[in-house]
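Below: one structure, written as structure tokens.
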Amino acid sequence: MHGIIATWRMALEGIEKADAMLKEGKNASDAIEAAIREVEDYPYYKSVGYGGLPNQDGVLQMDAGYIDGDSLSVGAVCAIEDFANPVSIARKLSQGTVNNILAGQGAAQFGTEYGFEQKKMLTDRAKRIYERKKAELAQNDQLRPYDGHDTVGMVCVDDESHVVAATSTSGLFMKRNGRIGDSPFVGSGFYADSQVGGATATGLGEDIMKGCISYEIVRRMKEGMPVQQACETAVNQLDETLKERRGQAGDISVVAMDCNGNWGCATNIEGFSFVAATQHSAPVVYLAHRLDDGHTVFEKADQQWLDAYMHNHSAAVE
747 MHGIIATWRM ALEGIEKADA MLKEGKNASD AIEAAIREVE DYPYYKSVGY
797 GGLPNQDGVL QMDAGYIDGD SLSVGAVCAI EDFANPVSIA RKLSQGTVNN
847 ILAGQGAAQF GTEYGFEQKK MLTDRAKRIY ERKKAELAQN DQLRPYDGHD
897 TVGMVCVDDE SHVVAATSTS GLFMKRNGRI GDSPFVGSGF YADSQVGGAT
947 ATGLGEDIMK GCISYEIVRR MKEGMPVQQA CETAVNQLDE TLKERRGQAG
997 DISVVAMDCN GNWGCATNIE GFSFVAATQH SAPVVYLAHR LDDGHTVFEK
1047 ADQQWLDAYM HNHSAAVE
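The sequence shown begins at 747 in my numbering and counts up by one.
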């Protein structure tokens, strides 16, 4: 029973590509890499890859992670600049026994050595958004500089019950130089175990890391929790803990899939979208809503919502 699930509507085209590959009998590793590359290559998504928004110095720094649930091999890049597909570099790094997670210049050296495509990733559109935000902040110091932390994270299961998870992001808009969130860190941004399943997270990385939430979801699944319950209880517990100890909790949303292709999601925000496809279900965009009792419910996005999404993301920037 194959399947794939991903955070945010921006993953739809990638999920469609991966779903077709899985139906052809391709493996989960190739399918998930192809799906995330599709998102990284699209210029209008502001939080991943080409067209992503820069840090406070106007530099686009990207993070990505990958785990193979069969071998538990992990690879990640942090604060890498001007490479077209960070997820592919992360996957390559997972194939070694040491030096699996590289940052900054070290990640760039590795990417160059292995011939990964180099590309100027900061687009003119992203520059205009950056300059506009700088001007707004200069005029009003009460404005919040940070915006946008929509990591694309995916979990994929193939017909051999091989589970993989991967992430890619440009992180917080206007973050400090060198800031790293949860996305490239195994256990926080993503986790997979082919004997159980996998999970991935999106939101405020600094808070997601406080609960190692992706590992926690898989751990709960291993203990026998259904995937939806594992997602909800993990998010609710971290949300409650952060509010008790720190007075507030940042955005936390997760998706997960078990090794049989059953999937779940949970969130502590309004407006979380995700995409799921299985052997018996074509790719669908869902909208998730958290109820007062802590349960997360979801519904298919209608065409009006889908059209508005694409219009908002591709609208001209003055």
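Built from N, CA and C at the ideal position, the CB exists for glycine as well.
Under 8 Å: do the region 808–815 and the region 901–911 share three or more Cβ pairs, one atom per stretch? yes
Helix, strand or coil at D1048 [DSSP, three-state]: coil
Just the Cα atoms here: how many angstroms apart are I782 and G760? 6 Å
DSSP three-state call for T1013: helix, strand or coil? It is a strand residue.
Nearest to L1037 (by Cα), restricted to the options W1009, Y860 and V981: V981
Identify the residues that DSSP records as bridge partners of G943: which are they? D939 and D1004
Cα-Cα separation, E990 to Q983: 10 Å
Below 7 Å CB to CB, which residues in the same chain sit around Y791 once its five sequence neighbours on both sides are set aside? Excluding sequence neighbours, Y791 sits near M756, V785, G797 and H1059.
Pick out the complete beta strand (DSSP E) segments inside the region 892–979, 3 residues or longer, and give them in chain order. 898–903, 909–915, 936–939 and 943–949
Close beta carbons around D928, own chain, < 7 Å, minus the five adjacent residues each side: S934, G935, A947, G951, I954 and M955
Tell me whether the beta-carbon of K1046 lies closer than 7 Å to the beta-carbon of V1021. no
Where H1035 sits in the DSSP three-state scheme: strand
Limits of the alpha helix (DSSP H) - the one that F856 falls within: Segment G850 to E859, the alpha helix (DSSP H) holding F856.
If we call anything under 7 Å between Cβ atoms a contact, is V833 one with S914? yes
Rank A881, H1026 and E779 by C-alpha distance to the C-alpha of N1006 and give the top, closest one. H1026
Is V1043 buried or exposed, if buried means 16 or more other CB atoms sit within 10 Å of its CB? exposed
Which stretch, first to last residue, makes up the alpha helix (DSSP H) that contains Y876? Counting along the chain, Y876 sits inside the alpha helix (DSSP H) bounded by residues D870 to Q885.
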